[in-house]
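Report on the structure given below.
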Amino acid sequence: MEAAQRSLGYSVEREVLDEQSLEEVAQRREKSPRTPLADRLKHSLRCSGPRLRRSVLRWVPVLSWLPRYSFREWTLGDLISGISVGIMHLPQGMAYALLAAVPPVFGLYSSFYPILVYFIFGTSRHISVGTYAVMSVMIGSVTERVAPDSLFMVSSNLTNGTVIDVIARDAERVRVAAAVTLLSGIFQVVLGLVQFGFVVTYLSDPLVRGYTTGAAIHVIVSQLKYTLGISPKRHTGPLSLVYTVIEVCWLLPETNLGTLVVSVVSLVALIAVKELNARLSKKLPMPIPVELITIIIATVISSQTSLDSRYGVEVVGMIPSGLQPPVLPPVSLFGEVVGDAFALAVVGYGIAISLGRIFALKYGYKVDSNQELVALGLSNSIGGVFQCFAISCSMSRTLVQESTGGKTQVASALSALVILVILLKVGELFQQLPKAVLAAIIFVNLHGMMKQFLDLRTLWKQDRVDMLVWLVTLIATVLLNPDLGLAASIAFALLTVIFRTQLPQYSLLGQIPGTSLYRPVEEYSEVKQTPGILIFRSSALLYFANAELYVQALARKSGIDISRVLALKKKQEAKRLHREKKEQRRAKREAKREAKREAKREAKGEDEKEDERDTKREAERGEVVLESLKEDAVVEDVVDVVDVMDVVDMVDVMDVVDVEDGALPHPPLPQAIILDLSPVNFLDTVGVKTLRNIIRDYGQAGVEVYLSGCQTGVIERLERGEFFTETLTKARLYTSVHSAVRHCTHSQVKEAYF
Numbered sequence: 003m004e005a006a007q008r009s010l011g012y013s014v015e016r017e018v019l020d021e022q023s024l025e026e027v028a029q030r031r032e033k034s035p036r037t038p039l040a041d042r043l044k045h046s047l048r049c050s051g052p053r054l055r056r057s058v059l060r061w062v063p064v065l066s067w068l069p070r071y072s073f074r075e076w077t078l079g080d081l082i083s084g085i086s087v088g089i090m091h092l093p094q095g096m097a098y099a100l101l102a103a104v105p106p107v108f109g110l111y112s113s114f115y116p117i118l119v120y121f122i123f124g125t126s127r128h129i130s131v132g133t134y135a136v137m138s139v140m141i142g143s144v145t146e147r148v149a150p151d152s153l154f155m156v157s158s159n160l161t162n163g164t165v166i167d168v169i170a171r172d173a174e175r176v177r178v179a180a181a182v183t184l185l186s187g188i189f190q191v192v193l194g195l196v197q198f199g200f201v202v203t204y205l206s207d208p209l210v211r212g213y214t215t216g217a218a219i220h221v222i223v224s225q226l227k228y229t230l231g232i233s234p235k236r237h238t239g240p241l242s243l244v245y246t247v248i249e250v251c252w253l254l255p256e257t258n259l260g261t262l263v264v265s266v267v268s269l270v271a272l273i274a275v276k277e278l279n280a281r282l283s284k285k286l287p288m289p290i291p292v293e294l295i296t297i298i299i300a301t302v303i304s305s306q307t308s309l310d311s312r313y314g315v316e317v318v319g320m321i322p323s324g325l326q327p328p329v330l331p332p333v334s335l336f337g338e339v340v341g342d343a344f345a346l347a348v349v350g351y352g353i354a355i356s357l358g359r360i361f362a363l364k365y366g367y368k369v370d371s372n373q374e375l376v377a378l379g380l381s382n383s384i385g386g387v388f389q390c391f392a393i394s395c396s397m398s399r400t401l402v403q404e405s406t407g408g409k410t411q412v413a414s415a416l417s418a419l420v421i422l423v424i425l426l427k428v429g430e431l432f433q434q435l436p437k438a439v440l441a442a443i444i445f446v447n448l449h450g451m452m453k454q455f456l457d458l459r460t461l462w463k464q465d466r467v468d469m470l471v472w473l474v475t476l477i478a479t480v481l482l483n484p485d486l487g488l489a490a491s492i493a494f495a496l497l498t499v500i501f502r503t504q505l506p507q508y509s510l511l512g513q514i515p516g517t518s519l520y521r522p523v524e525e526y527s528e529v530k531q532t533p534g535i536l537i538f539r540s541s542a543l544l545y546f547a548n549a550e551l552y553v554q555a556l557a558r559k560s561g562i563d564i565s566r567v568l569a570l571k572k573k574q575e576a577k578r579l580h581r582e583k584k585e586q587r588r589a590k591r592e593a594k595r596e597a598k599r600e601a602k603r604e605a606k607g608e609d610e611k612e613d614e615r616d617t618k619r620e621a622e623r624g625e626v627v628l629e630s631l632k633e634d635a636v637v638e639d640v641v642d643v644v645d646v647m648d649v650v651d652m653v654d655v656m657d658v659v660d661v662e663d664g665a666l667p668h669p670p671l672p673q674a675i676i677l678d679l680s681p682v683n684f685l686d687t688v689g690v691k692t693l694r695n696i697i698r699d700y701g702q703a704g705v706e707v708y709l710s711g712c713q714t715g716v717i718e719r720l721e722r723g724e725f726f727t728e729t730l731t732k733a734r735l736y737t738s739v740h741s742a743v744r745h746c747t748h749s750q751v752k753e754a755y756f
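With the numbering used here applied, the sequence shown covers 3 to 756.
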C-alpha cells in the first residue's frame with residue numbers, strides 16, 4: 003500500500019498568481035457587518051419554553067440524568083462505591099482538618115454538605131469531591147496567619163505563666179476558614195456565570211503537577227510537629243517553610259518518644275497494607291480500608307492505655323455529635339482573605355476539572371467547565387455557611403469510586419449519608435484518636451504526589467520548556483508559600499506563552515479551481531471543498547493553552563460531535579452483539595425443529611418428495627431474485643457472472659443488515675480529515691497527546707485523519723513524544739495539503755472501483 007502511494011505522481015500546470023491576482027480569481031468576499039449590540043442583547047434575553055427548559059437542565063444537571071437513572075445496571079455499583087468512599091472520607095476528613103488548623107470534626111462537615119450540593123449541580127459522573135490535602139494546607143496557612151496562637155495567650159494560675167486558650171483559638175480559626183471558603187465559592191460562581199471556565203486552560207499539566215508537589219512538601223513539613231510531638235513556632239511569609247524546617251531540626255531533642263512510636267507504627271502498618279492493596283488490586287473486590295482500621299485500632303489502644311495522660315501523646319479531643327446550624331461568617335474578615343480566596347478558587351477548580359475531563363474522556367461523556375465552576379462554587383459557598391472549609395476533588399477517592407463500580411454521583415450522595423451516620427452516632431467514639439495517626443495517614447496519601455518528581459526525567463526528553471515551568475512552579479511554591487507561589491507560577495507560564503503563541507484563527511480550507519492552492523471557505527466564494535474530505539487549519543501553535551480550543555474548533559467546524567458519534571457507535575455495537583446472540587438462539591431453535599422434521603420425514607419415507615419440493619422452492623426463489631436484480635442496470639453485469647445460488651446467499655446476508663433509525667450522525671461523517679500544521683513550528687507534550695487523541699477518536703468513528711505541512715522540528719518532536727507506533731506511521735504525514743487530498747481522492751476512487 004505504501005509503495006503504491008509513493009509511486010503515485012501528478013503534474014499541476016497553472017498560472018503563477020500573486021496575492022492580488024489570487025483574490026481576483028477567487029473573488030474574496032466582503033466581511034458581513036457586525037450585528038448591533040442592542041440586537042445581540044435582545045436576542046440573548048429572548049425567552050421561550052424550550053429555551054427555559056434547556057437553561058434549567060443546564061444549570062441543574064441532576065434533573066437531566068436522575069430521571070433516566072438505570073436502577074438495574076447502576077444501583078449495585080453505586081451502592082458499593084458510595085460505602086467504600088464514605089469509609090475513606092472519615093479518616094481523610096479528620097486528617098485534612100489538621101492541615102486546615104481546625105478541629106477534626108469540621109473535616110467531617112466538609113465531607114458532607116459540599117458533596118450533596120455537587121450531587122445536584124455537578125456534571126462529572128465519577129469524581130469524588132471533598133477534603134483535599136493541597137486545599138487544606140492553603141486554608142491552614144490563612145487560619146494560622148489571621149488567628150495565630152499569640153492572640154489567644156491567657157494567664158494560668160496552675161503554671162503561673164501563660165497558656166493558649168485553645169477553645170477561643172479554634173472557634174476563631176473555624177470562622178476564618180468558613181470566611182475564606184465562602185468567598186472562594188462566590189468567586190467560582192461568578193466566574194462560572196460569566197463563562198470564565200476556559201481559565202483552566204492556562205494551568206498546564208506541568209504547572210499543576212509542580213504546584214501540587216510543592217504543596218505536598220508544605221503538607222509534610224506542617225505535620226512534623228504531630229509526628230514528633232513538638233511545638234515549633236508558626237512562621238508566615240516567604241521562606242516560612244525554610245524557617246520551620248530549621249526550627250524543627252532545632253527541637254528534635256525534645257521529641258516525644260510515645261508520639262514518635264505511634265507515628266512509626268502507624269506508618270509501617272499503612273504502607274504495608276497499601277502495598278498489599280496494590281499487589282492484590284485485581285483480586286480484591288474493593289481495597290482494604292486500612293485507614294479506617296488503623297484509626298479504630300489506634301483509638302481503642304489510646305483509650306485503654308491513656309496515651310494522652312501517661313505518655314503525653316496529643317489526641318483529637320472533643321468531637322460533638324450532630325450537625326452545626328448555619329452561621330454566616332463575619333464579613334469583616336473578607337478583606338484579609340480575598341487574595342487567598344481567589345487562589346483557592348483557581349486551584350480547587352483546576353484540580354477538579356482536570357480529573358473530571360480524564361474520566362469524561364474515558365467513559366465518553368462531556369464535562370461542562372463553566373457548570374463545574376458553578377457547582378464547586380455553590381458547594382464552597384453553602385459549605386462556608388455550615389462552617390466547612392474549601393473542597394476539591396481527591397484523586398485517591400475518585401479512583402476508588404470508579405474502580406468499585408461507581409457510575410454516577412449517586413455514589414457520592416451515598417458516601418455523604420455514611421458521613422451523616424458517623425456525625426450523628428459514631429463521631430464521638432474517636433475522641434481518643436492520636437493526632438500522630440492522622441499525620442501518618444496524610445503522609446501515606448501524599449505518596450502519589452511525591453512520585454511526580456519523576457516527571458522531570460520525562461519532561462527533559464519531551465519538552466524542556468515544560469520542565470522549566472515545572473521546576474519554577476515547585477521552587478516558587480516551596481519558597482513563597484502556596485498562595486504567592488501560584489501567582490508567580492502562572493505569571494511565569496504566561497510569560498512563556500508570549501513567546502510561543504498568538505491568537506488563533508480556525509478555518510476550513512477549500513481548493514481554488516484549476517490550482518493546487520487552498521484557502522478558507524469563509525473568505526473566498528469560489529473555493530470548493532473536496533467531497534468527503536475536510537481540511538482544517540489553525541493559524542497559531544498547538545500547545546497546552548489552546549489544545550482544548552483546537553479540539554473544540556475542529557468539532558465545531560466539522561460539525562462532528564465526536565463524543566456522541568463514539569457513544570452511538572458503542573450503542574450500535576452493543577445492539578449488533580445482541581442481534582447476533584438472538585440470531586444464534588434462533589438458529590439453534592430452527593436446527594432443533596429441522597432435526598425433528600427430518601426424523602418425521604425419515605419415519606414416513608418422504609425424503610425424495612421433500613427433496614423435489616426443496617428444489618422447486620429454491621428455483622422459484624432464484625427466479626424472483628434475478629427479476630429484482632435485473633431492474634438495476636449496474637447489477638445486470640454481475641448477474642452474468644454470479645451463480646444463481648450465490649445470489650440467493652447474498653440476499654440472505656443482506657437481509658441480516660439492519661440500519662438503526664437515528665443511528666447515523668448528522669451531518670454524515672467525511673471519509674477523511676486533513677490537519678494543516680504548516681503554521682505550527684513546535685509541539686509540547688499536550689499538543690502531541692492532542693493529535694494522538696484526535697487520530698484515535700476520529701479513527702474509532704471511521705474517519706481517517708492525516709497531517710500535512712509538518713515542519714522538520716514538528717516531526718522530530720512527534721518522534722521524541724513517542725507519537726509514532728506500528729499502526730500510526732509516518733505514512734500519515736504529507737508535505738502539503740494537496741498531496742494529502744490527492745491521496746484521499748485516490749483512495750476513494752480505488753474503493754469505488756473495487
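By construction, the Cβ of each residue, glycine as well, lies at the ideal position given by its N, Cα and C atoms.
Please read all numbers here as calculations on a predicted model, not as lab measurements.
In the three-state reduction of the DSSP assignment, M96 falls in the helix class. DSSP places L184 in the uninterrupted alpha helix (DSSP H) bounded by V168 to L195. Cα atoms of L100 and F200: separation of roughly 33 Å, rounded to the nearest angstrom. Ranked by Cα distance from I297, the first of P332, G95 and L184 is G95. Counting C-beta pairs closer than 8 Å gives three or more between the segment 145 to 154 and the segment 171 to 180, which meets the contact rule. DSSP places P116 in the uninterrupted alpha helix (DSSP H) bounded by Y115 to F123. Taking 4 residues as the shortest admissible run, the segment 194 to 276 contains the following complete alpha helix (DSSP H) segments, listed from N- to C-terminal end: 207 to 224, 226 to 230 and 242 to 252. With respect to the 8 Å criterion, I717 and V446 are not classified as neighbours on the basis of their beta carbons. Classified as exposed, Q554 has fewer than 16 neighbouring CB atoms from the shown chains inside 10 Å of its CB. Residues of the same chain with a CB within less than 7 Å of the CB of P672, apart from the 5 flanking positions on each side, are G534, I535, L536 and V705 in chain order. At the C-beta level, A180 and F154 stay beyond 8 Å of one another. Proximity of the segment 485 to 493 to the segment 505 to 521 falls short of the contact definition, fewer than three beta-carbon pairs being nearer than 8 Å. Taking C-beta atoms as the reference points, V317 and K453 fail to come closer than 8 Å.
Under the three-state reduction of DSSP, G341 is assigned to helix. Contact between D468 and T133 is ruled out by a C-beta separation of about 30 Å, above the 8 Å threshold.
V64 counts as buried, since at least 16 other C-beta atoms from the protein chains shown sit within 10 angstroms of its C-beta.
Counting the other Cβ atoms within 10 Å of the Cβ of R55 gives fewer than 16, which makes it exposed. With fewer than 16 other Cβ atoms inside 10 Å of its own Cβ, M320 counts as exposed. Scanning the segment 272 to 333 for uninterrupted beta strand (DSSP E) segments of 3 residues or longer gives nothing; none is fully contained.
CA-CA distance, K559 to L363, rounds to 20 Å. Closest option to F108, judged by alpha-carbon separation, among Y120, T183, Y71 and D167: T183.
Taking C-beta atoms under 8 Å as the contact rule, A377 and G187 fail to qualify, at a distance of about 10 Å. The DSSP-derived three-state label of A674 is strand. Under the Cβ criterion (8 Å, minimum of three pairs), the segment 455 to 468 does not count as touching the segment 279 to 293. In this chain, S738 is not harboured by any beta strand (DSSP E), its DSSP state being neither H nor E.
DSSP places Y111 inside the alpha helix (DSSP H), whose first and last residues are V107 to Y111. Under DSSP, F725 shares a beta bridge with no residue.
Per DSSP, S518 is not a residue of any beta strand (DSSP E), being assigned neither H nor E. By the neighbour-count criterion, in which 16 or more other beta carbons inside 10 Å mark a residue as buried, F455 falls on the exposed side. Nearest Cα to R127 within the set R587, Q411 and E249: Q411. Rounded to the nearest whole angstrom, the C-alpha separation of S540 and G711 is 12 Å. Here K530 is bridged, per DSSP, to Q513. In this structure, I129 sits near A354, with a CB-CB distance shorter than 8 Å.
The C-alpha of L335 lies about 16 Å from the C-alpha of C390.
In the structure shown, P69 adopts helical secondary structure according to DSSP, grouped into three states.
Its chain contains Y111, F388 and Q389 as the residues whose beta carbon lies nearer than 7 Å to that of Q326, once the 5 sequence neighbours on both sides are disregarded; these appear in chain order.
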